[in-house]
Structure formats: structure tokens, C-alpha cells
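Just below is one structure, and these are the notes that go with it.
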Amino acid sequence: VCMVGHSLGGGASAILALLLSNISSQVPGYASLHALALSPPPVLSPKAAQTCRPFVTSLVLDSDLVPRMSLRSIQLLRARMVQALLLSRQPKWKILLLLGPLRLISSKLAADRFLHSPHSALGRSILERHESMFASGPLEPELHLAGLAMMMDRDGTRKPRVRLMAKSECLAIKVTHTMVWHHMPDVFFTRLLAAARLPLADPADPDDACDISPPEAGPSRHVTRGRPAAGRAWIRGGPVGRSGGGPDLA
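Reminder that position 212 of the sequence shown reads as 576 in this note's numbering, one-by-one numbering, no gaps.
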């Protein structure tokens, strides 16, 4: 049984797979259960997301907004926006006119040009005087992407790659001009087809990478720590491929 969904459907397929996994031992057809969640929202607690490792794979395209969007990440984004507004030392027209070109050169240069440092005496004083502006109620609990979280993005040389997502990548919204564009189904599937035969790249931050070693119990899978066997596509030999003739999307 293979379930596939995009966006809200991806989140629903992950939750349905988690529910069906509880009866997989009683229904023979569910023994090979797997869900492929495409650009899903984070819908599970860290523990539940970890439980889904044997039978759920989440795929994310670069700066896509939806896989990073939860109540908690929206609260944090609001706090970042309020802080940037308070620490701004330039009129809005200058920021709108120059921010884009400066960010192409250096994000740090752009921040230094337009914002007081929050660690400076002046920055701390400003934030302390306006502390009430950050109030947004209790911080909501973390929600994670289900199962193995895979990222399709580009490396430092702009070459397409597929890699494991770091655990922290789905916890904060990445504000870019492509954050909505990368969620569009046609854009996603075009990149998915192009990426299907790429080898699995090393994670951006190995210390923060999702653990892809198979659990001690559960269905047997062609998953190893690091990357699949040489010459095998990441979908065929990695998170989606299963022993015993399961789905093969490559």
C-alpha cells in the first residue's frame, strides 16, 4: 500500500499512515505500507514523527513555506519581524530600494547596513523598551515533518542535489522570494523528476541531520546511514524503495 499526497494531502497521508500502522500486523496488505508526503506541513510531534521513520518519507523543495509553517514558526517569524522593525535605522524606502541588491552581495552586509545589532547597548535598550510588542501568548509546541525528511535544493555551485534535512530546518520559516513558488505542484514535480536519479548528498550539517538508520524493529528497508549504494538513485535505493518489491518511483 502506497499513499501519496501534496501539501495538505501530504500531511493527511502521513497521519493516515501512522493510524494504519497500528493495525498493519492484523491486515496483510498493510505490511508494506508507505506514505510519500510531498511538500507537507509539519503535523506531528517530534516523537510521532520519529515513529513514522519506517513508513513515511517527506519531500521538501528548497525554500517552500508550507513544510516550515506551524503556529510556533509563525510566532517566531512575528518576533523576528517586530525585532527587525524596532532595530531598523533607515527609512522604509531605502530598505525596499537597496535590500535586494545588498543581499545578493552579503546578507550580513545588508543587516549591518539597515539594522542596529540586537547585541549592542543601543539595540538591547530599544528591545527592552518595547518588550510588550513581542507578546503573542505561550509559545506553541514544536511540530515536525513526518518520517524521513528529504530536501531538494542546490549546493554551493548551484547544482541540484537531494539531501537529508537538518532537524532544525522545519522549525523556522525561510523568508525568500521563492517561498510560495516552490510550493506550486507543477514547480515541485518538475524538480522532483529532475532529482529522481541524483545520489543522496551528505546533509548540510551532519550533526543536525535526521537519523536515517533503521529502527531495531519494523519493516526491512534499503536505508543506510549516509548515502545509498553507489550508482543507485536516492528514491530507488533510499527512503522510498523497500525490500520485497515495494514501490519504485525512479
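Where is the CB? At the ideal position from N, CA and C, for every residue including glycine.
Keep in mind it's a predicted model, so treat the numbers as computed, not measured.
Just to confirm the assignment, what range does the alpha helix (DSSP H) spanning residue i have?
i: methionine 445; result: 435-451
i: glycine 373; result: 372-385
i: alanine 412; result: 410-415
Please report how far the alpha carbon of residue i lies from the alpha carbon of residue j, in whole angstroms.
i: proline 406; j: histidine 508; result: 5 Å
i: leucine 503; j: leucine 535; result: 13 Å
i: histidine 494; j: serine 484; result: 16 Å
i: leucine 562; j: serine 396; result: 25 Å
i: alanine 499; j: glycine 375; result: 30 Å
i: glutamine 390; j: alanine 560; result: 34 Å
i: leucine 491; j: methionine 497; result: 9 Å
i: serine 377; j: proline 431; result: 14 Å
i: lysine 531; j: arginine 522; result: 23 Å
i: leucine 460; j: leucine 479; result: 14 Å
i: aspartate 519; j: glutamate 533; result: 16 Å
i: phenylalanine 552; j: serine 434; result: 21 Å
i: leucine 383; j: histidine 398; result: 12 Å
i: lysine 456; j: glutamine 439; result: 23 Å
i: serine 489; j: proline 482; result: 9 Å
i: glycine 373; j: leucine 486; result: 47 Å
i: threonine 554; j: methionine 529; result: 20 Å
i: leucine 441; j: valine 539; result: 9 Å
i: aspartate 476; j: aspartate 517; result: 28 Å
i: leucine 449; j: serine 388; result: 52 Å
i: glycine 369; j: cysteine 416; result: 16 Å
i: histidine 541; j: proline 524; result: 19 Å
Go to residue i, then tell me how far its beta strand (DSSP E) extends in each direction, as first and last residue.
i: arginine 527; result: 524-528
i: phenylalanine 421; result: For the record, residue 421 in the displayed sequence is threonine; it is not phenylalanine. It spans 420-425 - the beta strand (DSSP E) in which threonine 421 sits, taken as one unbroken run.
i: arginine 561; result: Unbroken run through arginine 561: none, as it is neither H nor E.
i: aspartate 519; result: Run containing aspartate 519: none; DSSP gives neither H nor E here.
i: histidine 398; result: 398-402
What is the C-beta distance between residue i and residue j, in whole angstroms, given that I count them as a contact (C-beta under 8 Å)?
i: serine 452; j: histidine 546; result: Wrong, their Cβ atoms sit about 28 Å apart, outside the cutoff.
i: isoleucine 537; j: leucine 408; result: Isoleucine 537 to leucine 408, Cβ: 18 Å. No contact.
i: proline 404; j: serine 371; result: 7 Å
i: methionine 515; j: valine 424; result: 5 Å
i: valine 526; j: leucine 557; result: 12 Å between Cβ atoms; not a contact.
i: serine 385; j: alanine 401; result: With 8 Å as the limit, serine 385 and alanine 401 do not qualify as a contact, their Cβ atoms being about 14 Å apart.
i: glycine 393; j: valine 365; result: 6 Å
i: arginine 436; j: proline 505; result: 7 Å
In this structure, how does DSSP classify residue i when only helix, strand and coil are distinguished?
i: glycine 369; result: strand
i: glycine 590; result: Bear in mind that the predicted position of glycine 590 carries a pLDDT of just 36, short of 50, making it too unreliable to give a figure here.
i: methionine 497; result: helix
i: alanine 536; result: coil
i: histidine 508; result: strand
i: leucine 461; result: helix
i: leucine 556; result: helix
i: leucine 486; result: helix
i: leucine 503; result: coil
i: leucine 479; result: strand
Can we count residue i as close to the ligand FAD, meaning its CB is less than 6 Å from some heavy atom?
i: valine 424; result: The model on display carries no ligand, and the ligand FAD is accordingly not part of it.
Kindly confirm or deny that the segment 508-519 and the segment 403-418 touch, where touching means at least three C-beta pairs closer than 8 Å.
yes
Counting Cβ pairs closer than 8 Å, one from the segment 542-560 and one from the segment 440-449, do we hit at least three?
no
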